[in-house]
Amino acid sequence: MKPVEIKKDIFWVGAVDWNIRDFHGYSTYKGSSYNAYLAKDEKVALFDTVKKPFYMDLMHRIYNVMDPKEIDYLVVNHLEMDHSSSLPQVVEAVKPSKIYTSKMGAKSMAAHYKIDNWPVEAVGTGDTLSLGARNVHFLETRMVHWPDSMFSYIPEDKLLISSDGFGQHWATSERFDDEVDNKELMRQAAKYYANILLLYSPLLQKLLQSMAEMDIDIDMIAPDHGLIWRNNPGQILKAYDTWSQQKSTAKALVIYSTMWHSTEMMAKAVYDGLADQGLSVQLMNLDRVHRSDVLTEVLDSKALVFGSATLNNGMMPNMAELLHYLKGLKPFGKICGTFGSYGWSGEASKLIAAELEAMKLELVEDPVRINWVPNHDTLKPCRELGQKIGRMVAEQNLPASCRSIYCGE
Ligand code: FEO
2 MKPVEIKKDI FWVGAVDWNI RDFHGYSTYK GSSYNAYLAK DEKVALFDTV KKPFYMDLMH
62 RIYNVMDPKE IDYLVVNHLE MDHSSSLPQV VEAVKPSKIY TSKMGAKSMA AHYKIDNWPV
122 EAVGTGDTLS LGARNVHFLE TRMVHWPDSM FSYIPEDKLL ISSDGFGQHW ATSERFDDEV
182 DNKELMRQAA KYYANILLLY SPLLQKLLQS MAEMDIDIDM IAPDHGLIWR NNPGQILKAY
242 DTWSQQKSTA KALVIYSTMW HSTEMMAKAV YDGLADQGLS VQLMNLDRVH RSDVLTEVLD
302 SKALVFGSAT LNNGMMPNMA ELLHYLKGLK PFGKICGTFG SYGWSGEASK LIAAELEAMK
362 LELVEDPVRI NWVPNHDTLK PCRELGQKIG RMVAEQNLPA SCRSIYCGE
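Per the numbering used here, residue 2 is the first one in the sequence shown, and the count goes up by one each step.
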């Protein structure tokens with residue numbers, strides 16, 4: 002297993018996970034990677050490790066550069082298991098003279114691994130580590146993605162090792178942004194942002210502002226998942242600026258769960274109303290679309306309209322699951338509506354509306370409900386709901402959805 006030299010004497014020594022299909026609830030249809038980086042200087046530092054089953058991948062790649070015992074320092078930018086579950090084995094093999102991590106990282110490391118004899122040194126923003134010709138500057142980045150998260154920046158190489166930030170869950174043989182299809186890369190980066198970092202958007206805005214104020218000169222961003230940004234790191238920085246402001250486009254989603262297709266007919270009528278106003282609209286049947294793919298589309302959609310049949314005095318289970326997931330990721334600035342067909346009790350659309358109100362999302366009117374099977378006439382309020390929301394979106398003169406906020410343009 003070969004390492005990849007990403008800068009002179011700095012090597013990618015991580016692992017590619019072709020088989021993972023679920024990452025704590027996020028559908029990773031395209032696998033992932035756990036990136037680790039080895040910097041050789043007068044002193045040698047290994048930045049991050051890999052998920053435990055990939056320990057030997059990491060060690061094989063390191064052996065292709067040097068004997069792991071020659072590593073002086075470990076830098077642990079993030080303690081989540083995908084990056085640290087092989088840490089006890091790595092510490093045992095390397096016997097580092099120091100392990101650098103954030104203050105929260107030191108606490109988490111002690112609590113998680115129950116090991117108090119590791120040579121841990123807590124560092125914070127402004128602290129530096131000399132490796133010889135190059136210096137590592139630490140930057141605490143709380144909640145990108147855990148409280149312990151930090152970035153490591155090497156100014157001599159203009160290299161930012163960004164832990165979970167700017168990553169993608171995408172298994173590839175390629176290592177760099179310019180070696181893959183850019184739209185697919187941005188799509189994977191957007192999916193990652195929407196499902197991992199969306200709720201931390203206000204913190205991301207502050208982080209981007211502080212990075213701008215610090216005037217950090219970057220020509221490569223090396224995240225701990227996915228492709229390394231060497232051709233155009235500005236593309237992902239700009240996209241994070243857009244996504245963390247939750248900027249929307251003239252795009253709507255009609256997200257529904259149907260039992261015997263009546264709610265589905267209503268969804269199509271809402272869709273027609275939205276399309277009448279010139280919006281780009283996607284119809285998303287929760288029986289067919291995974292919640293994490295819905296979230297990817299939520300990222301740049303201004304309007305979200307939810308419909309569910311009523312089951313056992315409640316909403317359909319996959320709608321409840323989606324709303325629970327959505328609530329945790331804290332989208333803001335959306336215009337919403339609800340609808341649903343029912344036989345006798347008909348609570349579903351009202352319960353959805355209550356969930357959206359709890360999320361502080363704007364609801365345009367009371368739920369549209371149809372008793373039993375809709376027909377051309379009874380579908381009229383659904384078309385009108387779509388038209389009303391469509392007009393509200395159109396009035397905002399938002400940019401058109403190019404179906405690819407992911408392009409980062
Ligand atoms: Fe890739 Fe938060 O771990």
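C-beta: ideal position from N, C-alpha, C; glycine also. As the structure is a computational prediction, the values presented were derived from the model and not from experiment.
With respect to Phe48, Ser153 sits close: the two C-beta atoms are nearer than 8 Å.
The set of residues with a C-beta under 6 Å from any non-hydrogen atom of the ligand FEO comprises His79, Glu81, Asp83, His84, His146, Trp147, Asp165, Asp225 and His226, given in chain order. The continuous alpha helix (DSSP H) containing Thr243 extends over residues Pro234 to Ser245. In the structure shown, Cys403 adopts coil according to DSSP, grouped into three states.
Met105 and Asn372 have their C-alpha atoms roughly 54 Å apart. Judged by DSSP secondary structure, Val17 falls within the beta strand (DSSP E) whose first and last residues are Ala16 to Asp18. Ranking Ser258, Asp165 and Val365 by CA distance to the CA of Asp83 puts Asp165 first. Taking 8 Å as the cut-off, the beta carbon of Leu280 is found closer than this to the beta carbon of Ala304. Ranking Tyr343, Trp230, Gln246 and Ala253 by CA distance to the CA of Ser263 puts Tyr343 first. Met215 counts as exposed, since fewer than 16 other beta carbons sit within 10 angstroms of its beta carbon. For the pair Ala253 and Ile390, the CB atoms are nearer than the 8 Å cut-off. Rounded to the nearest angstrom, the Cβ distance from Gln247 to Phe167 is 18 Å, too far for a contact under 8 Å.
Of the candidates Gly26, Ile72 and Val5, Gly26 places its Cα closest to the Cα of His291. Taking all protein chains in view, the Cβ of Ile116 is surrounded by fewer than 16 other Cβ atoms within 10 Å, so the residue is classified as exposed. The bridge partners DSSP lists for Thr129 are His138. For Leu80, same chain residues with a beta-carbon under 8 Å away, outside a window of 5 residues either side, are Thr102, Gly106, Ser109, Met110, His113, Trp147 and Asp149 in chain order. Counting only unbroken stretches of 3 or more residues, the beta strand (DSSP E) elements lying wholly within the segment 327-406 are 336-343 and 369-372, in sequence order. Straight-line spacing of the CA atoms in Val121 and Ile100 works out to 5 Å.
Under the three-state reduction of DSSP output, Glu122 falls in the strand class.
Val271: not part of any beta strand (DSSP E); member of the alpha helix (DSSP H) spanning Ser263 to Asp277, first to last residue.
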